[in-house]
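Trainee: For the sequence shown, UniProt numbering begins at 1 and goes up steadily by one.
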Amino acid sequence: MAKAKGSAGKPAKRRSKRKPRGALAAICALLVTSGLLRVAIGAGEALAREEGDAPKPAAAHVSEPPVSADPNGEIRLVAEADFQPLLDALNAREARVRKSESALDVRMQALAVAETEIERKMTALAVAESSLRKTLTLASTAAEDDIEKLTNVYANMKPKQAAALFEEMDPEFAAGFLARMRPDAAAAIMAGMTPQSAYLVSVILAGRNANVPKN
Numbered sequence: 001m002a003k004a005k006g007s008a009g010k011p012a013k014r015r016s017k018r019k020p021r022g023a024l025a026a027i028c029a030l031l032v033t034s035g036l037l038r039v040a041i042g043a044g045e046a047l048a049r050e051e052g053d054a055p056k057p058a059a060a061h062v063s064e065p066p067v068s069a070d071p072n073g074e075i076r077l078v079a080e081a082d083f084q085p086l087l088d089a090l091n092a093r094e095a096r097v098r099k100s101e102s103a104l105d106v107r108m109q110a111l112a113v114a115e116t117e118i119e120r121k122m123t124a125l126a127v128a129e130s131s132l133r134k135t136l137t138l139a140s141t142a143a144e145d146d147i148e149k150l151t152n153v154y155a156n157m158k159p160k161q162a163a164a165l166f167e168e169m170d171p172e173f174a175a176g177f178l179a180r181m182r183p184d185a186a187a188a189i190m191a192g193m194t195p196q197s198a199y200l201v202s203v204i205l206a207g208r209n210a211n212v213p214k215n
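Here it is in structure tokens:
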């Protein structure tokens with residue numbers, strides 16, 4: 001019986017030892033659960049804060065008319081129609097500028113063509129002027145040669161025959177030939193002329209000599 005009591009008493013002691021262990025496990029479980037709950041709550045709050053800080057998805061863009069200040073200090077909305085006159089004016093101005101630029105380009109091209117034509121004509125004019133100068137030089141030389149030859153012919157004629165011809169000449173013309181002759185030949189011809197004709201020729205010759213510079 002004593003053994004039986006003893007054996008019965010031993011399990012009782014074992015159960016008493018197991019009770020504190022079960023309570024401790026329960027307390028640990030509660031603490032773990034509490035910690036997990038706190039971690040979960042903290043994570044939820046952090047996630048909520050992150051979601052709050054994150055940019056919200058943009059809603060469908062709705063074009064709102066711009067805002068302008070009223071002269072009285074009030075703020076009013078400006079519709080696109082209010083900008084239309086300004087846009088039309090800018091477009092019209094741009095069209096005018098393009099038209100002016102196009103007209104300017106046409107004028108510049110016309111000026112370039114005119115300048116080229118003027119240069120061509122100036123070159124042709126210079127060539128013609130050079131040719132004319134050569135012609136005038138040749139004509140002047142030829143005329144001078146002809147006059148010189150004719151003067152020699154008159155000087156070599158008999159004085160009476162030459163005087164008869166000089167009587168029929170214009171006094172200016174006759175004086176020109178006599179001025180080119182040798183003094184003796186001219187004197188012989190003038191001696192055969194009438195006194196009136198000889199006087200007129202003498203006056204013309206004296207006038208020519210008077211115009212000659214003294215110095």
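The beta-carbon is built from N, C-alpha and C at its ideal position, and this holds for glycine as well.
Pick helix, strand or coil for K17, following the three-state DSSP scheme.
Mentor: Counting from 1 along the sequence shown, the entry for residue 17 is found at position 17. With a pLDDT of only 49 at K17, under 50, the local geometry of the prediction cannot be trusted, and the value read off the model is given with reservation. Looking at K17 - three-state DSSP - the assignment turns out to be helix.
Trainee: Considering only their Cβ atoms, is the gap separating E167 from S202 smaller than 9 Å?
Mentor: Taking the first residue of the sequence shown as position 1, residue 202 is located at position 202. Taking the first residue of the sequence shown as position 1, residue 167 is located at position 167. No, they are not a contact pair.
Trainee: Between P159 and the rest of its own chain, which residues show a CB-CB distance below 6 Å, the 5 nearest in sequence each way excluded?
Mentor: Along the sequence shown, one-based indexing puts residue 159 at 159. Excluding residues within five positions, the ones whose Cβ falls inside 6 Å are A188, I189, G192.
Trainee: Would you mind stating whether Y154 and F177 have Cβ atoms separated by less than 9 Å?
Mentor: Stepping through the sequence shown from its first residue, residue 154 is reached at position 154. Stepping through the sequence shown from its first residue, residue 177 is reached at position 177. Yes, these two residues count as a Cβ contact at 9 Å.
Trainee: Is the Cβ-Cβ distance between E148 and R120 less than 9 Å?
Mentor: Your numbering for residue 148 matches position 148 in the sequence shown. Your numbering for residue 120 matches position 120 in the sequence shown. Cβ atoms of E148 and R120: not closer than 9 Å.
Trainee: Tell me whether T194 sits in a helix, a strand or coil according to DSSP, three-state version.
Mentor: One-based indexing of the sequence shown puts residue 194 at position 194. In this structure, T194 counts as coil in the three-state DSSP scheme.
Trainee: Span of the alpha helix (DSSP H) holding D160?
Mentor: Here residue 160 is taken as the residue at index 160 of the sequence shown, counted from 1. Correcting the residue type first, residue 160 is Lys in the shown sequence and not Asp. Unbroken alpha helix (DSSP H) run through K160: 159-168.
Trainee: Indicate the three-state DSSP secondary structure (helix, strand or coil) for M108 in the structure shown.
Mentor: By one-based count along the sequence shown, residue 108 stands at place 108. DSSP places M108 in helix when its eight states are reduced to three.
Trainee: Tell me whether R182 sits in a helix, a strand or coil according to DSSP, three-state version.
Mentor: The residue you call residue 182 lines up with position 182 of the sequence shown. Looking at R182 - three-state DSSP - the assignment turns out to be coil, as it is neither helix nor strand.
Trainee: Since I believe L150 is in contact with P171 (beta carbons under 8 Å), could you give me their beta-carbon distance rounded to a whole number of angstroms?
Mentor: On the sequence shown, position 171 is the one that residue 171 refers to. On the sequence shown, position 150 is the one that residue 150 refers to. Rounded, the Cβ-Cβ distance is 17 Å, inconsistent with contact.
Trainee: Assign H61 to one of three DSSP states: helix, strand, or coil.
Mentor: Numbered from its first residue, the sequence shown carries residue 61 at position 61. Note on H61: pLDDT 46, under 50, position unreliable in the model; the coordinate value appears next. Of the three classes helix, strand and coil, the one that applies to H61 here is coil, per DSSP.
Trainee: Please determine, among A175, S131, P195, the residue with the shortest C-alpha to C-alpha distance to G207.
Mentor: As a position in the sequence shown, residue 207 is number 207, starting the count at 1. The shortest Cα separation from G207 among A175, S131, P195 belongs to A175.
Trainee: Does I41 pass the burial test, meaning 16 or more other C-beta atoms within 10 Å, or should it be called exposed?
Mentor: On the sequence shown, position 41 is the one that residue 41 refers to. Classification for I41: exposed.
Trainee: What's the gap between the Cα of K134 and the Cα of N152?
Mentor: One-based indexing of the sequence shown puts residue 134 at position 134. One-based indexing of the sequence shown puts residue 152 at position 152. Approximately 27 Å, taken between the alpha carbons.
Trainee: Can you list, in chain order, the residues of its chain whose CB lies under 6 Å from that of A114, leaving out five sequence neighbours each side?
Mentor: By one-based count along the sequence shown, residue 114 stands at place 114. Contacts found: none.
Trainee: Pull up the distance between the alpha-carbon of M108 and that of A95, whole angstroms please.
Mentor: Residue mapping note: residue 108 aligns to position 108 of the sequence shown, counting from 1. Residue mapping note: residue 95 aligns to position 95 of the sequence shown, counting from 1. Rounded to whole angstroms, M108 to A95 spans 20 Å at the Cα level.
Trainee: Taking the alpha carbon of P162 as the point to measure from, which residue in A110, A185, A143 has its own alpha carbon closest?
Mentor: Taking the first residue of the sequence shown as 1, we reach residue 162 at position 162. It is Ala, not Pro, that sits at residue 162 in the sequence shown. Looking at the Cα atoms, A185 is the closest of the given residues.
Trainee: So is N91 buried or exposed if we call it buried at 16+ other beta carbons inside 10 Å?
Mentor: By 1-based counting over the sequence shown, the position of residue 91 is 91. Flag for N91 reads exposed.
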